[in-house]
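**Q** Here's a structure for you.
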Amino acid sequence: MLLADVALPVPIARAFTYAVSEALAPRVKAGARVVCPFGGRRLVGIVMDTREGEPPRGVKPLARVLDDEPAVPADLLAFLRDVATYYFAPIGEVARLALPPVDRDAAQELAAPTLFGEARGVAIRRVRWVAATDRLEEAGVLRGQAAAILAHLRAAGATPVARLEERWGNARAAVARLEERRLVVLEEREAPEGPFSQPTERDSPHEATGAQAAAIGAIGTALRTRTPATFLLHGVTGSGKTEVYLRAIEAAREARRGSIVLVPEIALTPQLVARFRARFGDDVAVLHSALTPRERLVMWRRLRRGEVDVAIGARSALFAPVRALGLLVVDEEHDPSFKQEEGVRYHARDMAILRTHRAGGVCVLGSATPSLESEHLTRTGRATKLRLPDRARAQPMPEVQLVDLRRTGAGPTGDRRLSLPLHRALEATLAAREQAILFLNRRGFAPSVRCESCGKVATCSACSVALTFHKGASVVRCHTCDFEAPLGARCASCGAEGLTLEGLGTEKLEETLATAFPEARVARLDRDVASGKRVAAVLDRVRAREVDILVGTQMVTKGHDLPAVTLVGVISADAALSIPDFRASERAFQLLVQVAGRAGRGDVPGRVVVQTWNPEHPAVALAARHDVDAFLERELKDRQELGYPPVSRAALVRVDAPDEAEARAACAELARIARACEPVRSGDVLVQGPAPAPIAKVRNRFRFRLMLRAAERTALRRVLAVLEAARGSLPRAVRASIDVDPVQLL
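Heads up: take any position in the sequence shown, counting from 1, add 1, and you land on our numbering.
Here it is, written out as structure tokens:
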């Protein structure tokens, strides 16, 4: 009997075996989506393999095959296996990342789309496209709009007929004449939808600088010769990394290969998406969490059928079914959001390197502040560094002024966190009718509420973190579990009246600026006021010069090109340095350099004012000099001395339970099992812990952890394999997870 091993979206490590009837056998292939009975439910899974053999006892038959051709191509299927193996993740949970959105939660048999046919129950709008053929027209035959449209199609590629009508009023008649002469072909395609599907004026490649040309040449050569390669594109802010990406995609297209571009958070980069669509038109699939399931399904199907060969999106776009993948770009590769912190804990940057290597393609990691992991790859010969040392339009890097808060008083507002130098800089910027950005990585009005009587800080009852006061909603909110409640008049601990609001959040800073500069238009960009599609609206107001001062969290640091911004102020450069994490200095440095890079990208030189209590700290002092190389050198030396990544391999074992004692005991048991393993006893693997997590309680579950480190990966994986097997013997109330190459340690 034909048997199929199917990966189902359940948290169980193995695939499940099903019997295949003779009627379904011709369509059951590796990569096909199938509907399977599982308990009392029906789930959509992916066939990982088929084989002939005796059916196991109690084996169930497949209920249905959803595709005439496999939904997941062979190279992507092999990559999913690699991801599951590397991260000790259930294969079904990994395979789920590659499924189209409508399949992810349940098998809606009547709504599940076939890959190359019409979707049932999901309305798909279709539009007519026209593309030029290779046939040559007879001299003098074409005139007017027909000639102009043909020239446009040959220059710009396939275009919707409706788009042509926006420019040429008689486009349909002209296209009909061209079709009669077999100079163009018409076809129906699914209509691109969503927030990034509006018409965009096309542009042409910009003249490359010498450094850009060298980078483009190196990437293009690797693509043309089909030489697997990883490049670290280290370019200062404003150096034109995006133009290099665009040219690299053109080179991949010339080699008849597809491309994926990963960005930290696509809702924050509408300008980047606009540039890609201006260059490539509707031949770009934008994969975005704010899209509806139907919109995402359209994108997924167009990619899988080869109608589109470029996908741009956040980390999950790593699993896009791009045909003949040749290029994978990771923009802002240092950003921690590329690491998935729940479920399958993959790192999109690391897996991008793996996927392109498996496909024989090229991976480009771009950043103005490279991660130490990527820098280490270049120093060990596993990646090649390409440099863009200057801004593309020859603007100078912004001048940075460090304000020592130990020796500098408050400005006219009376708040030392808005120092006199920063206040004067804002006055000058507003007088010149220029724009400013103020960076403060604290949401809300006041980060904590303290009782004046007993001195206790109001904390979340479910999490061991302070509650933040949000004045607009008049609530205190936990930024870990999202609990919120009205701010009472009395202390919850002692019942006394008199509560003090402590600290400064973006909401309070916005209010303070509006009072200090009543003529200024102040806007805020953080998770409380802008998410999803609303982020673009705030940034559009800034570009339209409808905002004078933009206050925001790290959302304002991510790659925005705002030419009228000439001043950037950092309210507290030290906040990121106090986090209990060996990467704290690296993250603080990256944030400072990135936010400083928002200044002076237009015709007027930029200025940056950084307020700090510790101007001598290397992360602060070197960021003020834009000296990335010196910081990387110093930080790598420190990591080498301490034996921390990237010079070692690490994994974090997290344990949590409703009962604190039970969680502690389970973590201690896993530590005992780990220390009994031969690689630990021989000293090849170091085990630290068990210890309470820095945030000891989240959502009423107590948290403990183990840290494992090793000089090489093989020894570490041997211990992790033993711990993975031991997880099943823990009490039911205890959850344990393995995080390979952890990024967040809280």
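Ideal Cβ placement from N, Cα and C applies to all residues, glycine included. Owing to the predicted nature of the structure, the values given are computational and were not obtained by experimental measurement.
Confirm, please, whether the CB-CB distance from residue 233 to residue 371 is below 9 Å.
**A** The answer is yes: Cβ separation under 9 Å.
**Q** To the nearest angstrom, how far is it from the Cα of residue 470 to the Cα of residue 459?
**A** Distance between the alpha carbons of residue 470 and residue 459: 10 Å.
**Q** Looking at the structure shown, is residue 122 part of a helix, part of a strand, or coil, going by DSSP?
**A** In this prediction, residue 122 has a pLDDT of 42, which is less than 50 and means its spatial position is unreliable; nothing more can be read from the coordinates.
**Q** With residue 29 and residue 63 assumed to form a contact (beta carbons below 8 Å), what rounded beta-carbon distance in angstroms separates them?
**A** Right, the Cβ-Cβ distance comes to about 7 Å (below 8 Å), so this counts as a contact.
**Q** Report yes or no: do three or more beta-carbon pairs, one from the region 693–701 and one from the region 617–625, lie closer than 8 Å?
**A** Flag = no, the region 693–701 and the region 617–625 do not touch.
**Q** Counting C-beta neighbours from all protein chains within 10 Å, is the total for residue 495 16 or more, i.e. buried, or is it exposed?
**A** Its Cβ having fewer than 16 others within 10 Å, residue 495 is exposed.
**Q** Would you kindly work out how many angstroms separate the C-alpha atoms of residue 447 and residue 478, rounded to a whole number?
**A** Each residue's alpha carbon lies about 11 Å from the other.
**Q** Under DSSP, the beta strand (DSSP E) around residue 340 begins and ends at which residues?
**A** It is not in any beta strand (DSSP E) - residue 340 carries neither H nor E in the DSSP assignment.
**Q** Buried or exposed: which applies to residue 636, given that a residue is buried once 16 or more other Cβ atoms fall within 10 Å of its Cβ?
**A** Its Cβ being crowded by 16 or more others within 10 Å, residue 636 is buried.
**Q** In or out: residue 457 buried (at least 16 other Cβ within 10 Å) or exposed?
**A** Exposed, because fewer than 16 other Cβ atoms sit within 10 Å of the Cβ of residue 457.
**Q** Is it true that the CB of residue 609 sits closer than 9 Å to the CB of residue 570?
**A** In contact: residue 570 and residue 609 (Cβ atoms closer than 9 Å).
**Q** Report the rounded CA-to-CA distance for residue 273 versus residue 526, giving the unit in angstroms.
**A** Cα to Cα, the separation comes out at about 18 Å.
**Q** Would you mind reading off the limits of the alpha helix (DSSP H) that contains residue 166?
**A** It spans 162–168 - the alpha helix (DSSP H) in which residue 166 sits, taken as one unbroken run.
**Q** With C-beta atoms as the reference, is residue 574 less than 9 Å away from residue 585?
**A** It is not a contact, given that the beta carbons lie outside the stated cut-off.
**Q** If you reduce the DSSP assignment to three classes, tell me which class residue 14 lands in.
**A** In this structure, residue 14 counts as coil in the three-state DSSP scheme.
**Q** Assign residue 171 to one of two classes, buried (16 or more other C-beta atoms within 10 Å of its C-beta) or exposed (fewer than that).
**A** Residue 171 should be labelled exposed.
**Q** Should residue 345 be labelled buried (16 or more other beta-carbon atoms within 10 Å of its own) or exposed?
**A** When all chains shown are included, residue 345 counts as buried.
**Q** Helix or strand or just coil, what does DSSP make of residue 288?
**A** It is a strand residue.
**Q** If you check the beta carbons only, do residue 77 and residue 320 fall under 9 Å apart?
**A** Yes, they are a contact pair.
**Q** Taking only runs that begin and end inside the region 219–276, name each unbroken alpha helix (DSSP H) of 4 or more residues, in chain order.
**A** DSSP runs (the alpha helix (DSSP H)) wholly in the region 219–276: 242–255.
**Q** Would you report the Cα separation of residue 324 and residue 256, rounded to the nearest angstrom?
**A** Distance between the alpha carbons of residue 324 and residue 256: 13 Å.
**Q** Residue 471 bridges to which residues according to DSSP?
**A** 476, per the DSSP bridge assignment.
**Q** Between which residues of its own chain and residue 717 is the CB-CB distance below 7 Å, once the five residues before and five after are set aside?
**A** Excluding sequence neighbours, residue 717 sits near 650, 652, 686, 709, 711.
**Q** For residue 225, tell me which candidate among 253, 247, 213 has the shortest Cα-Cα distance.
**A** Closest option to residue 225, Cα to Cα, is 253.
**Q** Can you give the Cα-Cα distance for residue 565 and residue 500, rounded to whole angstroms?
**A** Distance between the alpha carbons of residue 565 and residue 500: 41 Å.
**Q** Three-state secondary structure (DSSP) at residue 6?
**A** Residue state, collapsed to three classes: strand.
**Q** How should residue 559 be labelled, buried or exposed, when 16 other C-beta atoms within 10 angstroms of its C-beta is the threshold for buried?
**A** Under this definition residue 559 is a buried residue.
**Q** Please state if the CB of residue 521 and the CB of residue 510 are separated by a distance shorter than 9 Å.
**A** Not in contact: residue 510 and residue 521 (Cβ atoms no closer than 9 Å).
**Q** So, for residue 71: in the same chain, excluding its five sequence neighbours on each side, which residues have a beta-carbon less than 7 Å away from its beta-carbon?
**A** Here the set comprises 30, 31, 32, 33.
**Q** Give me whichever residues DSSP pairs with residue 187 in a beta bridge.
**A** Bridge partners of residue 187: 131.
**Q** Note down the Cα distance separating residue 187 from residue 127, rounded to an integer number of angstroms.
**A** So the alpha carbons of these two residues sit roughly 13 Å apart.
**Q** Mind checking residue 614: buried by the 16 CB within 10 Å criterion, or exposed?
**A** When all chains shown are included, residue 614 counts as exposed.
**Q** Which residue or residues does DSSP assign as beta-bridge partners of residue 42?
**A** 39.
**Q** What is the DSSP secondary structure of residue 565, reduced to helix, strand or coil?
**A** Looking at residue 565 - three-state DSSP - the assignment turns out to be coil, as it is neither helix nor strand.
**Q** Who does residue 436 pair with in a DSSP beta bridge?
**A** Paired residue(s): 566.
**Q** Would you grab the beta carbon distance between residue 399 and residue 409 for me? Rounded to a whole angstrom, and I think it's under 8 Å.
**A** So it is not a contact: roughly 20 Å between Cβ atoms.
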